[in-house]
Structure formats: C-alpha cells, structure tokens
Amino acid sequence: MTGKCQAFLGGKCAFAALCASGGYEKCEESRACASNQRWLAFGCSLNPVHKLDKAEFDKAKNAIDLATARVIEKGSDDVFKPPIFSQSLESAVLTTNHAEFAKKAKTDTLRFLQAANLQRERIGPTRRGLVTKDQHTFRQVAWLDPFDAVKYLAASLMVFSEIEAERIPKAEGWVHSHRRADLDTEIFDPSFGYDSFREKSSNISKDRVGEWKVVTDISNFFDRIGNHTLENHLLNIGCDKKYVTLLREMLLFWAGDRRSFGVPVGSDASRILSEAILLNVDRKLKDSGIVFVRYVDDFRIFANTRLEALKSIEILTSLLADEGLSLNSRKTDIFQIVDPDEVAAIANRFAGGEHEKIDIDEKVEVKRAVRVSGRTSISRFYREPGKDALNKIIAIPKAEIISKFQNADEDEVEQQIKLAVKYFVYADQDVEILKILIDGKITSVFYICDALVKEAEKFNEDKCLKIKAAVFDSFDWSICAYPLQVPIIRVAAHPSFYEPRFVRAVVDGHLQTDNMLFFREAISLGYPCLDRARLRNLAMEVFGNVPQFVQRAIYAAVRDYVGFSEDEKRPLLKNMKQHAADWFIDQL
Numbered sequence: 015m016t017g018k019c020q021a022f023l024g025g026k027c028a029f030a031a032l033c034a035s036g037g038y039e040k041c042e043e044s045r046a047c048a049s050n051q052r053w054l055a056f057g058c059s060l061n062p063v064h065k066l067d068k069a070e071f072d073k074a075k076n077a078i079d080l081a082t083a084r085v086i087e088k089g090s091d092d093v094f095k096p097p098i099f100s101q102s103l104e105s106a107v108l109t110t111n112h113a114e115f116a117k118k119a120k121t122d123t124l125r126f127l128q129a130a131n132l133q134r135e136r137i138g139p140t141r142r143g144l145v146t147k148d149q150h151t152f153r154q155v156a157w158l159d160p161f162d163a164v165k166y167l168a169a170s171l172m173v174f175s176e177i178e179a180e181r182i183p184k185a186e187g188w189v190h191s192h193r194r195a196d197l198d199t200e201i202f203d204p205s206f207g208y209d210s211f212r213e214k215s216s217n218i219s220k221d222r223v224g225e226w227k228v229v230t231d232i233s234n235f236f237d238r239i240g241n242h243t244l245e246n247h248l249l250n251i252g253c254d255k256k257y258v259t260l261l262r263e264m265l266l267f268w269a270g271d272r273r274s275f276g277v278p279v280g281s282d283a284s285r286i287l288s289e290a291i292l293l294n295v296d297r298k299l300k301d302s303g304i305v306f307v308r309y310v311d312d313f314r315i316f317a318n319t320r321l322e323a324l325k326s327i328e329i330l331t332s333l334l335a336d337e338g339l340s341l342n343s344r345k346t347d348i349f350q351i352v353d354p355d356e357v358a359a360i361a362n363r364f365a366g367g368e369h370e371k372i373d374i375d376e377k378v379e380v381k382r383a384v385r386v387s388g389r390t391s392i393s394r395f396y397r398e399p400g401k402d403a404l405n406k407i408i409a410i411p412k413a414e415i416i417s418k419f420q421n422a423d424e425d426e427v428e429q430q431i432k433l434a435v436k437y438f439v440y441a442d443q444d445v446e447i448l449k450i451l452i453d454g455k456i457t458s459v460f461y462i463c464d465a466l467v468k469e470a471e472k473f474n475e476d477k478c479l480k481i482k483a484a485v486f487d488s489f490d491w492s493i494c495a496y497p498l499q500v501p502i503i504r505v506a507a508h509p510s511f512y513e514p515r516f517v518r519a520v521v522d523g524h525l526q527t528d529n530m531l532f533f534r535e536a537i538s539l540g541y542p543c544l545d546r547a548r549l550r551n552l553a554m555e556v557f558g559n560v561p562q563f564v565q566r567a568i569y570a571a572v573r574d575y576v577g578f579s580e581d582e583k584r585p586l587l588k589n590m591k592q593h594a595a596d597w598f599i600d601q602l
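When you line the sequence shown up against our numbering, it's residues 15 to 602, in that order.
Take a look at the structure:
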C-alpha cells in the first residue's frame, strides 16, 4: 500500500483497519474523515478484484449503516425472544456495546461486500430450530450470528431498490408487505404492513357484501423459495450480478448440501428477497383482472361469484406452481360476504385473520405492533386483565369456564385458554384447571408458563407446590418435542417453582440432544437449576466441543452462577475466554 488517508494517520477513520491490512490499492483521493462517525474517504479500493466507484460505495455505505442499526435494534432475528425463548445473550451485548459492535460490523461487512466472494470473506452457519406452529405441527426457524445478519441484510439492501421498482406501485394498494421506504434513513415504509393489509381487506369486504372472498396463503413459503429461481428473478430485473451471486452462495451455504431452496426464517433480509419471488405472481393476478390484496404469503381474493372465486384460485395455483410454490389447502376457504360479523367469524378461523377480535378491557401497554411472516394462532404472551375485565372473569362459575374451553370451536379455543388462565390466577387457583388446559391443548403450556412467571407473587408457598406437581408431574415432558420443553425449563428455574431435576436431565444428556439451539436454551434459562459440579463440567469439558453460540451461554452461566465464589469463577472464565476467540464472549 503506497498511501493512506489522513483520517487513518490520525487514528479516526472507522475503516482504517482495512487500509492497514495490506493487499489493497492506495487511496486515490486521500481525504480526512470529518468525524469519527464518517466513513473512509471516497475512492478507496479495498479489494484488488472489485473496486467500488463513488455511487456504489455510497450505496454500500447506506446499506451497511441501515443493516447495522437494524440488527442492533432488533437482534439478528425476531424469533428467539421471550417468552418462547430467553433473551439472547447477543442482544444483551449489543444493547451495552452497540458502538463497538457497529464499528466491527461495518468494517467486516464493507470488506464482505467488496469481496463478494465466500471463499475470501466467509460467513458462519445458520442454527436451525423448531417452534410450534399449531397444536400438532412445528415450523423450522433459523438463527444467524449478528455479524452474519448484518452482512445478509446489507447484501439484500443492495438489490432492494430494483425489487421495489418492479413491484405493483404502493399507491394501487395491492401488496402491503415490506415496501421499501422512500427515505434512505429507513428500510421499510411504515405506512405498509400487516395492519394496512387487514384494513384494506376489511374495507373491500364491506364494499362487496353479497359477493365472494377467498382466504388463503402459501404453504411453507420461506422454506420453499428456490435459490436458483430467486437468482433468475433478481438478474431479470437488473440487479447487480455480483450481489445476486453473493446472495445465492450465502443461501446455498445456509441451506446445506442436500437442498437448493429455502431462506432463513425471521430475517429482514429474507423478507426483502421473498418479495422478488412473487413479482410475476402479483403482476399476472392483476393482469388477469383479479382483485386481491397480499401480505407476504397471505392472499385475500375477491370475486363476484363462487365460480369466479374458484377460477381465481386456479390461476393463483398455476402461477405459484411456476415458482415451485403451492397453496396451503388447510388454510384456504371461499365464502360469501354476507355481513361484517360473518366476515369476521370466517376470517378468524385462520391465524392472523384481518378481523381478529380485540379485547378492549385488556390491560396492555400500547406499543407499535410489528407483524411478521409465519404467524401462529397459539397464545404465548400473558397480560394482566384490566379492572372491568377482571370483574367479569371472577363472576363466571368455574364449571362454565371449563365447559367453554372443552366445547370451544377452533377459532375460539385460544380465547378460552386466556380466560381460563386468568380465572385460575385471580378467581380459583384450582390446579385441575391447568391440567385440563394442557391435556386438552398441549400448546396452552406457553400461555400458562408465561402467566406463572409473571404472576408468581399471587401464589403462596403451598399453592406453588401444587402448581409444580400439576405442571411437572402430570406430564412426561422429557419425551415431548423440545419446543414444548422450553417454557417448562423457564418455570423450573423460577425461584417460586424451582425444580432442578428436569433441567439437570437435559444438561446431563447433552450428547443425545438433537438440537443445539435447545441445549443453549436449557443452559441460558435453566442454569440456576444446575449444581457446581455440572457448571464446572460445562466449562471444562463441554465448552470446547460445542458451537460458539452455545459457548456464549456456558460462559454467561458460569459468570452469573451464584454458587461459585469469585476465586472459583476467575480461572474458569479466563480459560474459556482464551479458547473461544469470540467477540461476544470478550464483551461478556
């Protein structure tokens, strides 16, 4: 290297390390950065193969800035969050070390985009796990290391403008999912989303009473997106080939050797790319004269007659088949729009219906709602009832509470679970209610466990013992699917319901654990249930044989374990840190 920018010489440039690393051309314009926050001066060629011109450099800079800020704000995904999972260690580190993370992420991602080659700049694997989709099925989700999440999102943002340009214009109101923001300071347009989709569908329904409506969605949408099909779509709309190729290679690497389809679920980058797959579908539906609205994989189609509705499904089925996709027959229905109440009743049969009921008596902190793909109808978040709602709940006889749950229609059962759990907490703490709920619908365990943790102070010591017996002893969770074991571990580690044997069995059997994400959750949530010997074994024997993201959980567990003295912790932590060479562990 024959030249360096003045900002580098002054030690201020955020990307000076790239210039110092060698093997790159000199800065053609050696200009100082105006501040610590500003990027490397124009014209630095950081890769001898691919040199960014000023326009592309500015685009990459903005993409990396947006991606980094987004990951710091949201984490690497929107799946692995309480109450279903623990708050990830990575998210906690980002909260307290966001400036350091941003500096490293921006430097690494700029180098990654300039190389545009996984052989030169590598990424780590995804970590796949399952979450409950409904009472009988699960869906696969993916976790990315936050540094890889920034790279994936930044690469996707490099093709986002071309994707948006080919979509049906926003003003026409057909497609509501993940529209590109008009401002460079944001990723998605906040005017469009699941709420606008619901509102548009509802308004069309009201205007077409007496006509017909189709409610449907795409089966396993993100899992079935073909990598080569996506590549062809992106190239056809004029996306830069090097970024298209880079994205294809990333997706193929994450998909594994035996498959060439699927994008990581839960990532904003996947949401951007998935819209490209449906460009032709949207356009051809519109060209066919079909009235529809779409949010990600959810379609609402409107027709004058039942026969026209069936014809619309035929056309949509054929268009999706061309993309290697198919409709979810279990969630497809055609009905006549008779009146608003009937519209609501039928639409609510499906998860995420646009006419979901809202309990105005709920005591809920008002927050901006963010809807994502892969929604589920399973109740997970317990909320304390408002005063008026509580008075109504207490007045209901217990027999009626149980009967309503046992005889509820499919679209009403979750509401009855909420009612029964709140009745248990505030009116009659008969543990038989919990047994009936879990036995009748096992996925009620998510809502029950969230309520037990949040309302633990409502139960005296004797009642806590009975709750433990009802929850832990009435069902053999050790042979259950692991997504359903996570909330049990969360309750078992709570001081009011402390039950170490289940967590210890999971940790002792880690060699037989079929999923490392679950093992990590068992440690992150359940480490208070472990004894000193088990924690020492994790630190000294298991640590070196598990992936980095599990190592972080072990390190944090040892650090926070109250059973160790400081003198006992210090060598264990030092040894793990020396062997890990991990940025997140360094911050922990």
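In this text, a Cβ means the ideal position worked out from N, Cα and C, and glycines have one as well.
Query raised in the report: Where I415 and N589 are concerned, what is the direct C-alpha to C-alpha distance, given to the nearest angstrom?
Result: Here residue 415 is taken as the residue at index 401 of the sequence shown, counted from 1. Here residue 589 is taken as the residue at index 575 of the sequence shown, counted from 1. Approximately 55 Å between the Cα atoms of the pair.
Query raised in the report: Does the distance from the C-beta atom of R308 to that of H192 stay below 8 Å?
Result: The count along the sequence shown starts at 1 and reaches residue 308 at position 294. The count along the sequence shown starts at 1 and reaches residue 192 at position 178. It is not a contact, given that the beta carbons lie outside the stated cut-off.
Query - F598: first and last residue of the uninterrupted alpha helix (DSSP H) it sits in - result: Locating residue 598 in the sequence shown gives position 584, counting from the first residue. Taken as a continuous stretch (DSSP letters only), the alpha helix (DSSP H) holding F598 covers W597 to Q601.
Requested in this report: Decide if the segment 153-160 is in contact with the segment 134-143; the criterion is three or more beta carbon pairs, one per stretch, under 8 Å apart.
Outcome: yes
Query raised in the report: What runs of the alpha helix (DSSP H), each 4 residues or longer, lie entirely inside the segment 299-362?
Result: 320-336 and 354-361
**Report entry** C-beta contact flag for L167 and D282 at 8 Å
**Finding:** As a position in the sequence shown, residue 167 is number 153, starting the count at 1. As a position in the sequence shown, residue 282 is number 268, starting the count at 1. Against a cut-off of 8 Å, the Cβ pair of D282 and L167 comes out as a contact.
Query raised in the report: What residue range is occupied by the uninterrupted beta strand (DSSP E) comprising V467?
Result: Looking up residue 467 in the sequence shown gives position 453. Where V467 is concerned, there is no enclosing beta strand (DSSP E), although the alpha helix (DSSP H) it sits in stretches over S458 to K468.
Query raised in the report: Three-state secondary structure (DSSP) at V189?
Result: Counting from one through the sequence shown, the residue named residue 189 turns up at place 175. V189: strand per DSSP, three-state reduction.
**Report entry** Validate contact between the segment 499-518 and the segment 530-544 using beta carbons, cut 8 Å, 3 pairs
**Finding:** yes
Query raised in the report: So, is Q499 buried or exposed, given that buried needs 16 or more other C-beta atoms within 10 angstroms?
Result: Taking the first residue of the sequence shown as position 1, residue 499 is located at position 485. It is buried - the Cβ of Q499 has at least 16 other Cβ atoms within 10 Å.
Query raised in the report: Which of helix, strand or coil does DSSP assign to F473?
Result: Position 459 of the sequence shown, counted from the start, is the residue given in the question as residue 473. Coil, per DSSP.
Query - C-alpha distance - G388 paired with A119, whole-angstrom precision - result: Locating residue 388 in the sequence shown gives position 374, where the first residue counts as 1. Locating residue 119 in the sequence shown gives position 105, where the first residue counts as 1. Note on G388: pLDDT 43, under 50, position unreliable in the model; the coordinate value appears next. Distance between the alpha carbons of G388 and A119: 28 Å.
Query - Rounded C-alpha distance that separates V560 from L448 - result: Here the question's residue 560 lines up with position 546 in the sequence shown. Here the question's residue 448 lines up with position 434 in the sequence shown. Cα to Cα, V560 sits roughly 37 Å from L448.
Query raised in the report: How about the segment 169-188 and the segment 288-300: do they share at least three Cβ pairs that are nearer than 8 Å?
Result: yes
Query raised in the report: In whole angstroms, what separates the C-alpha of E245 from that of A163?
Result: Translated into positions along the sequence shown, residue 245 becomes position 231. Translated into positions along the sequence shown, residue 163 becomes position 149. Each residue's Cα considered, the two are about 20 Å apart.
Query raised in the report: Can you name the residues that DSSP bridges to W226?
Result: Numbered from its first residue, the sequence shown carries residue 226 at position 212. A317 and Q350, per the DSSP bridge assignment.
Query raised in the report: Just to confirm, are L265 and N241 a CB contact at a threshold of 8 Å?
Result: By 1-based counting over the sequence shown, the position of residue 265 is 251. By 1-based counting over the sequence shown, the position of residue 241 is 227. The answer is yes: Cβ separation under 8 Å.
**Report entry** Test item: CB-CB of V93 and V279 under 8 Å
**Finding:** Position 79 of the sequence shown, counted from the first residue, corresponds to residue 93. Position 265 of the sequence shown, counted from the first residue, corresponds to residue 279. Yes. Within cutoff.
Query raised in the report: Between which two residues does the beta strand (DSSP E) carrying T199 extend?
Result: For the purposes of this step, residue 199 is taken as the residue at position 185 of the sequence shown. From DSSP, T199 is part of no beta strand (DSSP E); its letter is neither H nor E.
Query - Reference I218; option with closest CA among I201, F152, W188 and K477 - result: Your numbering for residue 218 matches position 204 in the sequence shown. With distances taken between Cα atoms, I218 lies closest to W188.
Query raised in the report: Using a beta-carbon distance below 8 Å, is G280 in contact with chain D?
Result: Among the chains in the structure shown there is no chain D, since it carries only a single protein chain.
Query raised in the report: To the nearest whole angstrom, what separates the beta carbons of V310 and F202, a pair I think is in contact under 8 Å?
Result: The residue labelled residue 310 in the question sits at position 296 within the sequence shown. The residue labelled residue 202 in the question sits at position 188 within the sequence shown. With a Cβ gap of about 12 Å, V310 and F202 do not count as contacting.
Report task. Could you give the DSSP three-state label for R142: helix, strand or coil? Result -> Your numbering for residue 142 matches position 128 in the sequence shown. Note: R142 maps to strand in three-state DSSP.
Query raised in the report: Which residues share a DSSP beta bridge with F267?
Result: Indexing the sequence shown from 1 puts residue 267 at position 253. In DSSP, F267 forms no bridge with anything.
Report task. Mind the definition here: the segment 328-336 touches the segment 295-302 only if three or more C-beta pairs lie below 8 Å; say whether that holds. Result -> yes
Requested in this report: Please check the pair W226 and Q350, which I expect to be a contact at CB under 8 Å, by giving their CB distance rounded to whole angstroms.
Outcome: One-based indexing of the sequence shown puts residue 226 at position 212. One-based indexing of the sequence shown puts residue 350 at position 336. Correct: roughly 6 Å between the Cβ atoms.
Requested in this report: Would you kindly work out how many angstroms separate the C-alpha atoms of E135 and Y496, rounded to a whole number?
Outcome: The residue given as residue 135 occupies position 121 in the sequence shown. The residue given as residue 496 occupies position 482 in the sequence shown. Whole-angstrom Cα-Cα distance: 35 Å.
Query - Local conformation of Q420 per DSSP, three classes - result: What you label residue 420 is simply residue 406 of the sequence shown in a count that begins at 1. Looking at Q420 - three-state DSSP - the assignment turns out to be helix.
Query raised in the report: Between C478 and F532, is the Cβ-Cβ spacing less than 8 Å?
Result: Stepping through the sequence shown from its first residue, residue 478 is reached at position 464. Stepping through the sequence shown from its first residue, residue 532 is reached at position 518. It is not a contact, given that the beta carbons lie outside the stated cut-off.
**Report entry** Residue from R262, I462 and Q601 whose Cα sits closest to the Cα of R604
**Finding:** The structure shown does not extend to residue 604, since the chain is modelled only from 15 through 602, so no value can be given for it.
Report task. Would you tell me roughly how many angstroms separate the C-alpha atoms of D476 and V435, rounded to the nearest one? Result -> Position 462 of the sequence shown, counting from 1, holds the residue named residue 476. Position 421 of the sequence shown, counting from 1, holds the residue named residue 435. Roughly 19 Å separates the two Cα atoms.
Report task. Could you check if P399 is buried or exposed, using at least 16 other CB atoms within 10 Å of its CB as the buried criterion? Result -> Working through the sequence shown from its first residue, we reach residue 399 at position 385. P399 comes out buried.
Query - Inter-residue spacing [alpha-carbon to alpha-carbon] between V223 and G523 - result: Here residue 223 refers to the residue found at position 209 of the sequence shown. Here residue 523 refers to the residue found at position 509 of the sequence shown. So the alpha carbons of these two residues sit roughly 59 Å apart.
Report task. Grab me the residues of I239's own chain with a C-beta within less than 7 Å of its C-beta, minus the 5 sequence neighbours each way, in chain order. Result -> Taking the first residue of the sequence shown as position 1, residue 239 is located at position 225. Within the same chain, I239 has close Cβ partners F275, G276, V277, S288 and I291.
Query raised in the report: So V5 and C253 are in contact, right, with Cβ under 8 Å, and what is the actual spacing, rounded?
Result: Only positions 15 to 602 of the chain appear in this structure, which leaves residue 5 out of reach.
Requested in this report: Consult DSSP for F152 and reduce its assignment to one of helix, strand or coil.
Outcome: What you label residue 152 is simply residue 138 of the sequence shown in a count that begins at 1. Strand, per DSSP.
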